[in-house]
Amino acid sequence: MACKIPIMPPAYAPVVRESPITPRENLMRAFNHEKPMWMPNLYADSQICVAKSSRDMAPSKQEAGVDWFGTNYIYSPEVGINMPAGGVFDDVTEWREKVPWPDLDAIDWSRDADGFVRDERKALYMRFSNGIFERLHAFEPFEQALMDLLLEPEECRDLFERLADYKIDLFNHIRDVFPLDYLVAADDYGTALAPFFSTEVYEELLLEPTRRFVQAVQARGTKFFAHCCGKVEVFVPYFADDLKVDGIEIQDINDLPKIVHTYADRLLIEVKADPKVVYDDEKTDADLLAHVHQIVDTYGAQANPGSGAVMNLGCGSAHGYYLMEEELYRYSSEKYAGL
């Protein structure tokens, strides 16, 4: 291995090409679990927007700060961003007295669109961090949050319901300004080895508040793309059949070939290139092209139900990225022809 895998992948200028339909139209076909014309390159085919008025997180991810709940964020050079570090309450029984809920109606959200220029060829999206479970361990120490799930389930459930109300209210204010095609909503449920909690705890405490959030987003015509880090295969049936989210962004420590083959008719599932391939500068162009073929052959719509998977392409060099991006479009278009 001759190239270090970065914490964050480098960003490259988007490719503009003539295509039968726009990248947005192609991606939204996939979100609707229909056969796209080629395998979408998710974030390259999307335009991000930011709600500048929101303080659901600290103002900058690159330094320490405080959000509008009073949650402290500590910057970690090792991770490359800041992370919430509690400071609101010591255990969940204190949430009613100590959580200062923001008055979202008092904010002029329309100002967030000042200077924003829409690219109609791309799908419009926004990211929501600090999910319903994540917010619990942002308010208090992480170990305490895990104990509270078991020792104070009723308090946790009440807080999660209130957080769902807040998330829905925040989303609706932002959705009034930005016509979002999809929302990437993060709520991490596990470590690299196992989930943080059992499915029984999930069903009792988190399933219904999360379902209400999902339904509220979808009711506004926005797709719900659930981001969830960790070994979380056990929750995929909930995503598909109970929450009915539109797509999932999970890590390849989970069995992605099996998940795509099983759920791609009702979940759009993100896949990535193998970092051991795309960040190794000893790999040849032929190696990179072969890797693209492997991805399409394994995860493509021609080999799986529904839309197949959506790609999130990264690479350690601009040359490699554009080589793979062009081949992803060409090869998947060829494989998807006639579907």
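For the sequence shown, the numbering used here assigns the number 576 to the initial residue and increments by one for each residue that follows.
Ideal Cβ positions, reconstructed from N, Cα and C, are used throughout, including at glycine.
Bear in mind the structure is a predicted one, so any value in this text is a computation, not a measurement.
With a threshold of 8 Å on Cβ separation, who are the neighbours of residue i within its own chain once the five nearest residues in sequence on each side are excluded?
i, result
"D817", "L782, R786"
"K579", "Y854"
"S892", "D856"
Give the secondary structure of residue i by DSSP, where H, G and I count as helix, E and B as strand, and everything else as coil.
i, result
"F703", "strand"
"V654", "coil"
"E909", "helix"
"V835", "helix"
"F772", "coil"
"G895", "helix"
"F814", "helix"
"L888", "coil"
"K697", "coil"
"E845", "strand"
"F800", "strand"
"I870", "helix"
"E730", "helix"
"E715", "coil"
"E824", "strand"
"D855", "coil"
"L914", "coil"
"A586", "coil"
"S685", "helix"
"D860", "helix"
"A878", "coil"
"V970", "No answer is possible for residue 970: it lies beyond the span of the chain, which begins at 576 and ends at 914."
"D830", "coil"
"D840", "coil"
"W676", "coil"
"V809", "helix"
"P850", "helix"
"V692", "coil"
Answer yes or no: do residue i and residue j have a C-beta to C-beta separation smaller than 9 Å?
i, j, result
"G883", "A588", "no"
"P595", "N616", "no"
"D762", "G706", "yes"
"M612", "Y911", "yes"
"A639", "A633", "yes"
"C804", "G765", "yes"
"Q719", "V667", "yes"
"N887", "K847", "yes"
"H802", "A760", "yes"
"V867", "K819", "no"
"T797", "L755", "yes"
"I825", "V809", "no"
"L914", "M614", "no"
"P850", "G875", "no"
"Q793", "F799", "yes"
"D631", "D642", "yes"
"E845", "V885", "yes"
"E736", "P784", "yes"
"D683", "S628", "yes"
"E909", "V590", "no"
"L738", "F746", "no"
Excluding sequence positions up to five away, which residues of its chain have a Cβ less than 6 Å from the Cβ of residue i?
i, result
"G881", "H608, A839, D840"
"F772", "L724"
"S635", "none"
"G895", "L863"
"R686", "none"
"K742", "F788"
"A713", "T646, P659, N705"
Could you pull out every residue in the same chain whose Cβ sits closer than 7 Å to the Cβ of residue i, ignoring the five residues on either side in sequence?
i, result
"R696", "T597, P598, R599"
"K673", "V663, F664"
"I828", "A767, K806"
"T873", "P832"
"L734", "V667, W670, L711"
"I649", "A639, N657, M658, A660"
"C624", "F691, L699, M701, F753"
"D744", "L679"
Does at least one heavy atom of the ligand FMN sit under 8 Å from the Cβ of residue i?
i, result
"M722", "What this structure holds is no ligand at all, so the ligand FMN is not there to describe."
Cβ contact (3+ pairs, closer than 8 Å) linking the region 693-705 and the region 649-657 = With a cut-off of 8 Å, the region 649-657 and the region 693-705 do not count as touching, because too few Cβ pairs lie within range.
ask   = What alpha helix (DSSP H) runs, 4 residues minimum, are completely inside the region 736-795?
value = Within the region 736-795, the complete alpha helix (DSSP H) segments at least 4 residues long are 782-794, listed from N- to C-terminus.
request  = Pair every Cβ in the region 687-701 with every Cβ in the region 660-679, then say whether three or more of these pairs are closer than 8 Å.
outcome  = Between the region 687-701 and the region 660-679, the count of Cβ pairs shorter than 8 Å is below three; the stretches do not touch.
inquiry  = Give the list of continuous beta strand (DSSP E) stretches no shorter than 3 residues that lie fully inside the region 594-663.
reply    = List check, beta strand (DSSP E) in window: 621-623, 647-651, 656-659.
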